[in-house]
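Asker: Next up is a structure, given as structure tokens.
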Amino acid sequence: LAKVIRILGTEVEAICDMEWKEIEDLPPDGDLQAVLFAQSEEPQEDASTVVVTGKYPQSQKLSRVWKQYLAPQDGSLASRRIRRRGCLSFLRELFDMVRISLQQSDK
2 LAKVIRILGT
12 EVEAICDMEW
22 KEIEDLPPDG
32 DLQAVLFAQS
42 EEPQEDASTV
52 VVTGKYPQSQ
62 KLSRVWKQYL
72 APQDGSLASR
82 RIRRRGCLSF
92 LRELFDMVRI
102 SLQQSDK
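Written out as structure tokens, the structure reads:
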């Protein structure tokens with residue numbers, strides 16, 4: 002868990018630095034809105050999938066299942082975003098499992 006959080010922090014910091022540098026390198030007559038829009042777009046690939054089961058009440062049915070995969074290891078902005086998304090998907094699934102476990106123990 003500590004390693005995933007460390008990787009997430011590293012990737013978020015690197016993404017921020019790369020996006021800020023791209024804005025700083027923009028020529029005075031450049032289109033800032035186009036750069037900001039391009040930075041806000043996330044790739045549509047997601048390392049998680051939605052799973053619906055009949056085992057839990059409706060409020061708990063939609064859960065994301067994190068799947069292990071090999072993320073690109075280069076330092077490009079797209080690769081860093083993929084790694085960040087993988088870390089967030091893993092943490093989301095972990096906390097969903099804890100939440101479901103705690104709700105079942107309350108019964």
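Going by our numbering, the first residue of the sequence shown is number 2, and it counts up by one from there.
Glycine included, every Cβ here is placed at the ideal spot set by N, Cα and C.
#1: Give a yes or no on contact between the segment 72-90 and the segment 5-20, applying the rule of three or more CB pairs nearer than 8 Å.
#2: If you count every other CB in all the chains shown that lies within 10 Å of the CB of F96, and 16 or more means buried, which is it?
#3: So, with DSSP's three-state summary, where would you put Y34?
#4: Is it buried or exposed for F38, if we count other Cβ within 10 angstroms and need 16 for buried?
#5: Should E12 go down as buried or exposed, given a rule of 16 or more other Cβ atoms within 10 Å for buried?
#6: Which same chain residues, not among the five before or five after I8, have their C-beta less than 6 Å away from its C-beta?
#7: List the endpoints of the continuous alpha helix (DSSP H) containing Q104.
#8: Spatial neighbours of L33 within its chain, please: CB distance less than 8 Å, with the 5 preceding and 5 following residues excluded, ordered by chain position.
#9: Short check: CB of A72 to CB of R84, under 7 Å?
Answerer: If we stick to the structure as given:
#1: By the Cβ test, the segment 72-90 is in contact with the segment 5-20, since at least three Cβ pairs between them sit closer than 8 Å.
#2: Per the 10 Å Cβ criterion, exposed.
#3: Just to set this straight, residue 34 is Gln in the shown sequence, not Tyr. If DSSP states are grouped into helix, strand and coil, Q34 belongs with the helices.
#4: Residue burial annotation: F38 is exposed, with fewer than 16 other C-beta atoms found within 10 angstroms of its C-beta.
#5: Buried, since its Cβ has 16 or more Cβ neighbours within 10 Å.
#6: Result list for I8: C88, in chain order.
#7: For Q104, the enclosing alpha helix (DSSP H) begins and ends at 78-106.
#8: So the list reads I24, L27, once near-sequence residues are dropped.
#9: Taking C-beta atoms as the reference points, A72 and R84 count as a pair closer than 7 Å.
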